[in-house]
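S.K.: With the sequence shown counted from 1, adding 146 to any position gets you the numbering used here.
Handing you a structure now.
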Amino acid sequence: MQELTPRQLLDQLVSFPTVSRGSNLDLIDWLEAYLAGHGIAAHRHWNEDRSKAALFAHAGPWQPGGVVLSGHSDVVPVDGQAWSSDPWVVVERDERLYGRGTCDMKGYVALSVWALVQAHKRGVTRPLQLALSYDEEVGCTGAPPMIAAMQAVLPQASAAVIGEPSRLKLINGHKGGTGYHVHVKGFEVHSSLLPYGVSAIMEGARLIGWINAKNAEIQARPITPAAAAFYPPFTTLHVGMIEGGTAHNITAADCRFAVEMRVVPGEDIAALEAEFVAEAERLSASLRAVRPEAGVHLSRFFGVPGLKPEIEGAAETLVRRLTGDNAVGVVSYGTEAGQFQEAGYSAVVCGPGDIAQAHQPDEYLEVAEFEAGLRFMQVLLEDLA
147 MQELTPRQLL
157 DQLVSFPTVS
167 RGSNLDLIDW
177 LEAYLAGHGI
187 AAHRHWNEDR
197 SKAALFAHAG
207 PWQPGGVVLS
217 GHSDVVPVDG
227 QAWSSDPWVV
237 VERDERLYGR
247 GTCDMKGYVA
257 LSVWALVQAH
267 KRGVTRPLQL
277 ALSYDEEVGC
287 TGAPPMIAAM
297 QAVLPQASAA
307 VIGEPSRLKL
317 INGHKGGTGY
327 HVHVKGFEVH
337 SSLLPYGVSA
347 IMEGARLIGW
357 INAKNAEIQA
367 RPITPAAAAF
377 YPPFTTLHVG
387 MIEGGTAHNI
397 TAADCRFAVE
407 MRVVPGEDIA
417 ALEAEFVAEA
427 ERLSASLRAV
437 RPEAGVHLSR
447 FFGVPGLKPE
457 IEGAAETLVR
467 RLTGDNAVGV
477 VSYGTEAGQF
487 QEAGYSAVVC
497 GPGDIAQAHQ
507 PDEYLEVAEF
517 EAGLRFMQVL
527 LEDLA
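Encoded structure:
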């Protein structure tokens, strides 16, 4: 099989519209066949309905202590965005590579696939592994089962580099996160009879009020050393969308919104969740006392552990050596790095591109960043050899 350049690999990967709401199997089928064509056996881990799959592979000696290059196959939708060119075709103009996922994060995946084939072809003394997940964009739900499947099949690597766009700067910490879909069930009556019904919107507002008060409480606390590096330097709770009601003069039968929490690593996500759930249950009980049909229903839709900075961690030491950069940074968004760390890998975030371009119309990866990413992989191969 013809060996593709990193740019050709990027063109191929972007051509698959792997939006999270759909399947990624066309990409997985192609990539599995491509790796097999170069003598690398890949392994799949399917989701529950087999509409999606993660893919992982190993090159080099069958021993622990290698490096995992980790990325995700899914991208966000292009619906409603004004694109200047076909989002599923990489277009180069003004020293930029335009296309959905070029930055987040098929540019890194293309470089990783190239590096894996090179590691197999050239031979390395320490192994290199590729891990490609699904459903990262909808809450990082695909990585944990993939990681568990990897650990059952492959020798455990000592370092995982998650290639979210960081301009190839070392990110050794990020916030954790969790989220709940909230459905407040009310009881409709004419608004003139308000005390005898339950307005789901007005009661939902009480729970949102609790969230606002919790934010104020958190922000009034002294900033901890662990939080000081973040922007903002504290845990946050947020409601971004709300819907409900049928008319201005009817108590709302339903109110729905989602709550997300971005938690400083080292702080207790479970404790904050428990506080929120307890408040929702307290409100639910008060609503049922008015109408037994009413209540508050919660559905947890994602949970991502924070990435904790590691003192002299294997992943941080590796990336420092490869980049020659001693600086470190933290980010307030979550990645799959915290999930690798939770599973026993030393993990950092480091990848080409600017996170500001992720999810945008006319998403792009600068050619210079892509080339810098290639140099990173070349140095990594030399290090493993």
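Even for Gly, the Cβ is constructed at its ideal location relative to N, Cα and C.
In whole angstroms, what is the alpha-carbon distance linking PRO223 and THR164?
M.R.: Whole-angstrom Cα-Cα distance: 9 angstroms.
S.K.: Where does HIS218 land, buried or exposed, given buried means 16+ other C-beta within 10 angstroms?
M.R.: So HIS218 counts as buried.
S.K.: Mind checking which residues open and close the alpha helix (DSSP H) that includes GLY211?
M.R.: From DSSP, GLY211 is part of no alpha helix (DSSP H); its letter is neither H nor E.
S.K.: Extract the residue ranges of the beta strand (DSSP E) inside the segment 164 to 245, only unbroken runs of 3 or more that lie entirely within it.
M.R.: Those beta strand (DSSP E) runs which fall completely within the segment 164 to 245 and span 3+ residues are 188 to 192, 199 to 205, 213 to 218, 237 to 239 and 242 to 244.
S.K.: Could you say if the segment 518 to 528 and the segment 324 to 333 meet the contact criterion of at least three C-beta pairs nearer than 8 angstroms?
M.R.: With a cut-off of 8 angstroms, the segment 324 to 333 and the segment 518 to 528 do not count as touching, because too few Cβ pairs lie within range.
S.K.: Can you tell me whether GLU509 is buried or exposed, with buried defined as 16 or more other CB within 10 angstroms of its CB?
M.R.: Under this definition GLU509 is a buried residue.
S.K.: Should GLY206 and ARG272 be called a contact, given that it needs their Cβ atoms to be closer than 8 angstroms?
M.R.: Cβ atoms of GLY206 and ARG272: closer than 8 angstroms.
S.K.: On a Cα-Cα basis, can you pick out the residue from GLY183, LEU300, SER279 and TYR254 that is closest to GLN209?
M.R.: The shortest Cα separation from GLN209 among GLY183, LEU300, SER279 and TYR254 belongs to LEU300.
S.K.: Straight-line CA distance for GLY452 to PHE380?
M.R.: Taking the straight line from one Cα to the other gives about 13 angstroms.
S.K.: Take GLU419 and list the residues in its own chain whose beta-carbon comes closer than 7 angstroms to its own, dropping the five residues that flank it on each side.
M.R.: The residues are THR324.
S.K.: Could you compute how far the alpha carbon of VAL213 sits from the alpha carbon of SER258?
M.R.: For VAL213 and SER258, the distance between alpha carbons rounds to 11 angstroms.
S.K.: If we call anything under 8 angstroms between Cβ atoms a contact, is VAL160 one with THR248?
M.R.: In this structure, THR248 lies closer than 8 angstroms to VAL160 by Cβ.
S.K.: On the CB-based measure, 16 or more other CB atoms within 10 Å of its CB, does VAL495 come out buried or exposed?
M.R.: Classification for VAL495: buried.
S.K.: Where does HIS327 fall in DSSP's three states?
M.R.: Strand at HIS327.
S.K.: Buried or exposed for HIS204, please, with buried defined as at least 16 other CB atoms from any protein chain shown within 10 angstroms of its CB.
M.R.: Flag for HIS204 reads buried.
S.K.: Considering Cα atoms alone, identify which of MET523, ASP240, GLU439 and TYR377 is closest to VAL476.
M.R.: When each option's Cα is compared against that of VAL476, the closest is TYR377.
S.K.: Given a cut-off of 8 angstroms, decide if VAL255 and SER166 are closer than it, judged by their beta-carbon atoms.
M.R.: Contact flag unset, no.
S.K.: According to the neighbour-count rule (16 or more other Cβ atoms, all chains shown, within 10 Å of its Cβ), is GLY253 buried or exposed?
M.R.: The residue in question, GLY253, is buried, as its Cβ has 16 or more Cβ neighbours within 10 Å.
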